[in-house]
Every structure is written in structure tokens, then in C-alpha cells.
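>
Protein chains in written order, with the working numbering: chain A, 23 to 344; chain B, 3 to 561.
1) Among 477(B), 154(B), 376(B) and 282(B), which has the Cα closest to the Cα of residue 344(B)?
2) Can you give me the Cβ contacts of residue 8(B) inside the same chain, cut-off strictly under 6 Å, excluding the 5 residues immediately before and after it?
3) Of all the CB atoms in chain A, is at least one closer than 8 Å to the CB of residue 275(B)?
4) Buried or exposed for residue 84(B), going by 16 or more other Cβ atoms inside 10 Å?
5) Are the region 506–519 of chain B and the region 298–313 of chain B touching by the rule of at least three beta carbon pairs closer than 8 Å?
6) Give me the Cα-Cα distance between residue 82(B) and residue 52(B), rounded to the nearest whole angstrom.
7) For chain B, check one thing: does any of its Cβ atoms lie closer than 8 Å to the Cβ of residue 307(A)?
8) Under 8 Å, Cβ to Cβ, is there at least one residue of chain A near residue 521(B)?
9) For residue 605(B), name the three-state secondary structure that DSSP assigns.
10) Which of helix, strand or coil does DSSP assign to residue 387(B)?
11) Answer yes or no: do residue 87(A) and residue 95(B) have a C-beta to C-beta separation smaller than 8 Å?
12) Using a Cβ-Cβ cut-off of 8 Å, state whether residue 545(B) counts as contacting chain A.
13) Are the region 283–293 of chain B and the region 218–229 of chain B in contact at 8 Å, needing three or more beta carbon pairs?
14) Check the Cβ-Cβ distances between residue 563(B) and every residue of chain A, and say whether any is below 8 Å.
15) Please return the same chain residues whose Cβ sits closer than 6 Å to the Cβ of residue 73(A), not counting the five positions on each side in sequence.
16) Under 8 Å, CB to CB, which of the residues in the region 265–281 of chain A have a partner in chain B?
17) Identify, in the order they occur along the chain, each residue of the same chain with its Cβ nearer than 6 Å to the Cβ of residue 78(B), setting aside the five sequence neighbours on each side.
18) Verify whether the separation of the beta carbon atoms of residue 102(B) and residue 295(B) is less than 8 Å.
19) What would DSSP say about residue 482(B), mapped onto helix, strand or coil?
20) Tell me whether residue 322(A) is buried or exposed, calling it buried when 16 or more other Cβ atoms sit within 10 Å of its Cβ.
21) Please identify, using Cβ separations under 7 Å, the residues of the region 204–222 of chain B that lie next to chain A, in order along the chain.
22) Quick one: does residue 199(A) have its CB under 8 Å from some CB of chain B?
23) Reducing DSSP to helix, strand and coil, say where residue 157(B) ends up.
24) Name, please, each residue of chain E whose Cβ falls closer than 9 Å to the Cβ of residue 509(B).
25) Is residue 334(A) helix, strand or coil when you go by DSSP?
26) Shortest alpha-carbon distance to residue 319(B) belongs to which of 456(B), 265(B), 115(B) and 132(B)?
27) Using a cut-off of 7 Å between C-beta atoms, extract the partners of residue 176(A) located in chain B.
28) Please state whether DSSP places residue 353(B) in a helix, a strand or coil.
29) Would you call residue 288(A) buried or exposed, if buried means 16 or more other Cβ atoms sit within 10 Å of its Cβ?
30) Which residues in chain B sit within 9 Å of residue 88(A), going by Cβ to Cβ distance?
31) How would you call residue 226(A), buried or exposed, if buried means at least 16 neighbouring beta carbons within 10 angstroms?
32) How many whole angstroms separate the CB atoms of residue 133(B) and residue 154(B), which I take to be in contact at a CB cut-off of 8 Å?
33) Using a cut-off of 7 Å between C-beta atoms, extract the partners of residue 92(B) located in chain A.
34) List the residues of chain A whose Cβ lies closer than 7 Å to the Cβ of residue 112(B), in chain order.
35) For residue 304(A), which residues in the same chain have their Cβ closer than 6 Å to its Cβ, ignoring the five residues on either side in sequence?
36) Residue 115(B) and residue 492(B) look like a contact to me (Cβ under 8 Å); what is the Cβ gap, rounded to whole Å?
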């Protein structure tokens with residue numbers, strides 16, 4: 023779909039004999055109405071996405087809110103050096119990447135599976151109930167969700183009781199007290215909370231698949247499983263790729279609330295990610311410069327990932343975001 | 003900003019209607035506020051209170067606030083903190099948008115550094131004779147390095163009154179435990195834990211749930227409820243992150259010293275015996291409070307105010323044996339306990355007027371605060387109204403009847419009357435009024451003794467004390483108290499040390515406590531190794547300077 027529309031635009035432009043400035047102006051005139059319509063959004067993007075980039079200057083200062091710009095003390099790369107030389111920053115970076123990757127993989131696999139499964143249900147009522155129940159947790163605030171998670175995982179919580187009852191473990195485990203479990207707990211909690219919501223977009227993609235393909239496959243003797251793997255999933259491919267590229271751009275955004283709320287002294291070596299680190303050493307200490315420096319670092323990495331994923335996907339013949 | 007704009011508009015429209023009569027208002031200086039605001043015009047200002055959560059309310063909706071509004075023509079929209087103080091105040095600083103009146107709690111220094119508060123010196127001089135009188139002995143202490151006063155804190159001590167009830171740190175044991183073991187009195191840490199051990203061994207379950215020998219509060223910024231103990235056990239009051247030598251007045255951090263090792267070793271030992279709550283480092287504040295309220299906990303250490311929600315609940319129910327009683331526990335019997343706060347003046351946090359508040363509004367606000375600082379108003383906010391919430395006997399002593407005691411302890415009454423909002427946080431004195439009555443009713447013997455029920459009496463008698471602070475030593479004189487009041491500059495090495503130490507303790511203490519006793523020494527060494535990478539000298543220097551300067555000021559103002 024994406025790839026198709028790209029090629030049509032290209033073919034039109036190559037046919038156009040006018041090139042350079044004149045051609046551009048001519049085209050602008052032709053598409054005047056469309057251009058006018060985009061202006062509000064361009065203004066929005068400039069104000070909310072480009073102007074704040076000015077604030078990056080804070081990363082190179084010892085920023086004090088009361089002083090005007092000219093009075094700020096410039097310190098060069100001091101805050102970046104603090105970040106990258108702090109022993110814990112490497113660990114924090116590792117946690118961020120690991121948590122993100124787990125979320126990415128789990129999030130995709132579970133949401134796609136759920137969407138396919140829901141699609142296969144033939145009882146409409148049951149289908150709606152399942153869908154509603156599965157996406158409801160998305161609307162819970164993490165504060166509430168984290169309280170639920172920590173009470174489920176507490177020593178006398180339901181998880182321990184079930185595992186003890188079934189004989190899998192001999193004594194209660196303090197799940198949130200063992201650092202090594204944290205990534206898994208976080209992945210499971212994120213999945214529980216978001217799987218239904220993430221599945222919605224895939225369901226929409228599935229509904230775009232031409233029904234005739236299913237009928238044709240049925241006549242050719244394809245089983246239900248074969249239809250899923252050869253029609254449904256290929257039909258969702260373009261959506262999956264677009265979402266994947268966008269999510270890879272957010273690889274350093276592993277979230278903040280769950281790590282902050284579920285993290286504690288015993289699991290800090292696995293729970294602390296960049297955002298939590300920034301809160302502790304940046305915002306809480308009123309060190310806005312450090313927070314900005316960390317934010318810049320994140321943006322640069324995101325940029326690299328986004329471009330890399332996009333060109334990789336293009337190379338593999340899947341078309342990219344742009 | 004918008005609110006300020008409306009205020010200005012409101013003020014302007016008011017002016018025109020009254021044909022310039024309010025022109026005089028602004029210039030009237032030190033006159034009594036009530037005569038001046040005869041016009042009946044009411045000004046509403048925003049007050050943000052970061053000292054704790056609460057219901058957001060306009061002061062005029064309370065009985066006290068209504069009275070003050072009638073006398074000064076001013077009321078406040080109070081907004082309380084929700085969530086983290088540093089983040090909320092950080093946002094205010096970053097945006098530069100402040101309420102008119104602000105109590106920034108632990109972020110006060112940051113607001114001052116960012117130029118968020120206006121200097122109050124001239125305003126106080128010209129418009130606030132009562133505040134000047136009440137805070138007279140402390141004015142020098144309130145000044146920052148630049149000579150300006152930015153905030154007015156609550157609690158200017160006038161005379162010392164030993165509190166009848168605990169509000170500070172103590173080692174709490176469930177009354178049921180004490181009764182069953184024949185009212186033992188733990189004096190040392192070993193005593194305390196042998197009581198815990200004996201009871202837990204005999205009662206592995208309480209009400210069907212596993213008995214928890216000792217729990218601890220470690221959540222988020224409340225971690226000091228576990229890390230402060232070495233200081234208290236060694237006989238020091240809560241001076242924060244350092245011990246202050248009584249003679250040399252030098253500050254010394256204790257987190258890498260023998261006393262901390264002893265404390266952790268004890269916890270390691272009781273963990274090995276199965277007495278230490280396995281969830282101590284994963285539970286949050288609410289879960290901790292719920293656990294205490296459930297009655298499963300044999301003993302714990304905390305500051306009374308911090309565990310107040312749980313302890314008050316237990317106090318108000320019918321079971322008199324599920325309450326907890328606090329003891330002053332120390333390392334060994336030769337150490338004199340110092341759990342009760344010495345007389346001290348805390349210069350920060352306090353309320354300050356923020357930049358951007360127009361001058362005429364500054365004057366109205368400072369006059370309002372000055373009105374509260376009058377002695378008769380002080381009696382209103384602490385005792386209430388004579389004949390309604392307290393009585394006076396022939397000797398001029400204040401007391402409360404049983405009904406009045408009950409009524410004034412009801413949350414609904416305290417909210418509607420305004421005690422909840424005015425009792426603390428505003429200009430306030432501590433100690434005794436000139437007529438000898440205690441400022442705070444619970445510190446007045448006549449009231450304190452009324453407040454004890456049968457259960458309380460049983461334990462008071464068993465330990466042969468008059469009040470629950472009877473077991474605690476009188477506080478020694480520490481003119482610098484509290485050292486944690488020291489302003490720590492944002493971005494300084496001292497501030498970085500505090501944060502890094504906090505992180506280190508939160509990470510390593512659980513490992514040390516939960517390790518097998520045979521590994522304790524190596525765990526402690528590994529913690530010490532990481533501690534070496536910190537910079538405690540920077541912190542000690544800031545605290546020492548503060549302590550010496552403050553002590554000097556206090557002593558010179560006394561002469």
C-alpha cells in the first residue's frame with residue numbers, strides 16, 4: 023500500500039517536464055488548497071517541536087531558572103561527561119535497552135497473536151467481550167496498575183499462593199526483591215496492560231484484507247491455519263513494518279512510571295532506566311541541565327535507530343516511513 | 003498569572019465603585035487592618051502548601067478563616083501538594099509561575115536560589131509588628147547569607163514544654179506484647195530485639211497471619227526511617243545525615259562508621275533469626291502503614307508523625323491492646339537517649355511571598371500573616387474560642403471539658419473550624435504563652451491527662467510514668483538544632499553526595515541485611531569500598547559551617 027502510492031507519485035513527477043524552481047511553483051499553485059490546509063499543522067510543528075529545541079542550549083550551561091540567557095554560565099560538555107563517566111550510567115543504559123527490547127518483542131508478538139485470535143472468533147458477542155476486557159487495563163493509570171502488580175507479587179500474593187499450591191516452589195518468593203526477575207515482571211505487566219489496546223490497530227489492518235482471498239483459499243483447500251499464515255499475516259505486513267520502525271525510534275523510551283513505581287533498593291540494578299536516572303539526578307536535584315543533556319542523548323540515539331530501521335526496511339524491499 | 007490579572011481587574015473595578023476611597027488603603031502603613039478594610043472588599047490570593055496532602059479549600063470556608071477575612075479583608079485559596087514535592091516545585095521554578103504565597107517544603111532552597119521569593123525584610127519592618135515581636139529572637143537566624151529573609155517558618159519557641167505525647171522517633175512495641183511479657187522496659191537495642199524474639203517465638207501467628215517481628219519503612223524519600231537509627235542509638239537527636247560533636251561543633255557523617263556497622267549487623271542477625279520483615283525493602287508507604295494497622299507487627303522504629311495515620315487508627319478503635327508504645331532505645335545503658343527534639347528554631351521551610359506578586363498585594367498578605375501572629379489570634383488557632391472549644395478556670399489556666407476534647411479531635415470539626423488549615427504552617431509560636439498556658443493544648447497537663455483512656459492509664463501505671471514521654475530523657479541544649487535545616491546549594495558537591503549516598507544505601511543495605519551472617523563482614527567491606535568514592539567532606543563542611551554560625555547567632559541573641 024505504502025510502496026504503491028510512493029511509486030505513483032514518482033511516476034507523475036518524472037513525467038512532468040518542468041523542473042527546478044518553476045516546476046515547484048507551478049505545482050504549488052496547482053495544489054494551493056492542500057497547502058493552505060497544511061499550514062496550521064506546520065505552525066503547530068514549528069511551535070511545539072522545533073522552538074523547544076532551543077532549550078538544548080541548557081545542556082551546555084549550569085542553568086539557573088532565575089537568570090536570563092546572557093547571564094547563564096556556560097560549561098561546555100560537563101553534563102555529558104558526568105553522564106558518560108558515571109559508573110552507573112552504563113548499567114542504566116543496559117536496563118533501558120533490555121527493557122525496551124523485551125517490551126518491543128513481547129508487545130508485537132502478543133498483540134499480533136491476540137488480533138489474529140480475536141479475528142478468528144465467529145461469535146460476535148464473545149468477540150466484543152474479549153476485546154473490551156483485553157483493552158480495559160490500558161486505561162488504568164500506572165499508579166493503580168503498579169499497586170495491583172506489587173500486591174499480586176507480594177509474599178502472600180496470589181502468584182506465590184498458586185505456585186506453592188501447585189508445588190512449583192517450596193517457599194514464597196519475593197518477586198520484586200530479586201533484581202533478575204524485574205525485566206520479566208515489567209514485560210509481563212506491560213503486556214497485560216497494553217496487549218488489547220495494541221491489538222486494535224492490527225484488527226483494523228485485518229479488516230482491510232479482501233474477503234475474496236479467503237474464499238479463494240478455502241476453495242483451493244487451505245486449512246484455517248494456512249489461511250492465517252498465508253493471508254491474514256501477509257495482509258498485516260505493511261502495518262507491522264510501519265509500527266516496528268516507529269517503535270524502534272523509541273528504543274530508549276522504555277517508559278518511566280512502572281520502573282519508578284515498582285523499582286526499589288533491591289532491584290534497582292535492573293529497574294533503573296534513563297528516565298528514572300534523570301529524575302533522580304536531574305529534576306529532583308533541580309539540575310535541569312543534566313536532564314536536558316540526557317534528553318539530547320536520547321533524541322540522537324532515537325534518530326540513529328529510526329534512520330537505520332527505515333533504510334534497512336527499504337533495502338529489504340518493504341518500503342519505509344518516508 | 004491569570005489569577006493575578008483577575009485580581010488586578012477586581013481591584014480596579016472595586017476602586018471605581020467606591021470613588022477612590024480605597025486609595026487610602028494602600029498608604030495606611032501600620033494601622034490596624036480591620037479599620038482599613040471597612041470597604042468590605044475581599045481579596046483572594048493563592049497559597050500553595052507543599053508540606054503535605056490535604057483538601058483544597060478557600061480559607062473563608064472555615065470558621066477561623068471567615069473571622070480572619072472579616073478582620074483583614076483577605077482570604078486564601080489553599081492548594082495542597084499531590085505527589086512529589088521536588089517535581090512540583092521544580093515545575094514552578096522552570097515555568098516561573100508561582101502562587102502568591104508558597105510553602106515549598108524541602109525545595110525551599112531551590113526556590114530561593116531561583117529568585118522565586120521576594121525579600122521580606124522591609125515588609126516585616128513596616129507592616130508586621132507582631133511577627134517582628136514573635137520572631138524577634140530568631141530574626142538573625144531567618145536571614146540568608148545575603149542578609150534577606152525569604153520565608154517565615156512555623157514554630158518560634160518561647161519557653162520549653164516537654165511534650166506529653168510522642169511526636170518524634172521511638173522504638174514501638176505492640177501493647178499486647180508488653181502485657182503478655184509482663185511489661186518489660188527495653189533500654190538497649192539487645193533488650194528490644196530479645197522482646198521481639200521472645201514474643202514471635204511464642205506467637206508465630208497473630209489473627210491468622212504470620213507474625214512479623216520487625217518491619218521498616220524504606221520507601222522513596224522516607225528511607226531515613228531506616229538509615230537514621232545509628233545516630234539515635236548512639237544518643238543523638240535527629241540532626242539528619244551527620245553527627246554534631248557537642249564540644250567542637252564539627253559535623254561528621256556516620257554512614258561509614260562503627261555505629262552504622264553495629265546497626266546493620268544487628269539487623270543481619272535478626273534477619274537470620276527470621277524476625278526481619280522480608281518485604282521491608284519492597285513495600286511502599288501505604289503498605290507499611292497497612293501492615294502496622296493490621297496488628298501483625300511486633301515492633302518497629304519510626305517517627306511518630308510518620309506512622310501517625312496507622313497509630314491513630316489503632317488508638318481510635320476499641321481494642322486497647324493493639325496500640326503501640328514507644329521506647330527510647332540506645333546501644334548501651336550508658337548512652338543518654340535524645341529522642342525528644344531540643345528547643346530549636348527551624349528557619350526553613352516556611353511560607354514566603356513570591357515574585358510577581360504586586361506590591362499592594364504583598365502588603366495585604368504580610369498584614370494577614372501579621373494578624374495571625376497576634377497573641378490572641380495564636381490562641382484562636384491553637385485553642386479555639388473560649389467557651390466553645392476550651393474553658394478558663396479561676397487561675398487563668400486553660401482546659402477542655404471531656405466533650406470539648408472529643409469534639410476538637412474529630413476530623414470533621416477540625417476541618418470546618420479551621421484547625422486543620424491554620425494550626426501549623428502559618429506564623430506560629432511554640433512553648434508557652436505569656437500567661438503560662440501551653441501553646442498547644444495537648445501539652446497542657448490539664449488536657450493531656452484528660453486525653454488518656456483506660457488502656458493508656460494501664461500502661462502509664464505499669465511503667466510508673468505520668469505521660470508517654472516519661473521514659474524519655476530531657477533534650478540537651480543544642481543551639482544549632484536541627485542541623486538538617488542547613489541550606490544545601492543546588493548543584494553543589496554536598497547535594498551530589500546526599501543523592502549518591504541515598505542511592506548507595508538503598509542499594510547496599512538490603513544486600514547487607516539479607517546476606518548470611520558469615521558474609522556480613524565482606525558485604526560491609528564492599529559497601530565501605532563504594533562509600534570511599536563519595537565526597538562526604540563537602541557535606542560535612544556545609545553542615546559544620548551552618549552549625550557553627552547558627553549556634554553563634556543563637557547564643558549571641560540570648561545575651
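Backbone N, C-alpha and C fix where the C-beta goes; we use that ideal spot for every residue, glycine too. From a predicted model like this one, the values you see are computed outputs, not experimental measurements.
Here's the rundown:
1) 477(B)
2) Unreliable positioning characterises residue 8(B) in this predicted model, as indicated by a pLDDT of 43, which lies under 50. A coordinate reading is not provided.
3) no
4) exposed
5) no
6) 6 Å
7) yes
8) no
9) For residue 605(B) there is no data in the structure shown, the boundaries of chain B being 3 and 561.
10) coil
11) yes
12) no
13) yes
14) Shown here, chain B extends from 3 to 561; a query on residue 563(B) therefore has no answer.
15) none
16) none
17) 47, 49 and 61
18) no
19) coil
20) exposed
21) 220
22) yes
23) strand
24) Note that chain E does not occur in the displayed structure, where the protein chains are A and B.
25) helix
26) 456(B)
27) 281
28) strand
29) buried
30) 95, 98, 115, 116, 117, 118 and 357
31) exposed
32) 7 Å
33) 305 and 308
34) 308
35) 312 and 313
36) 5 Å
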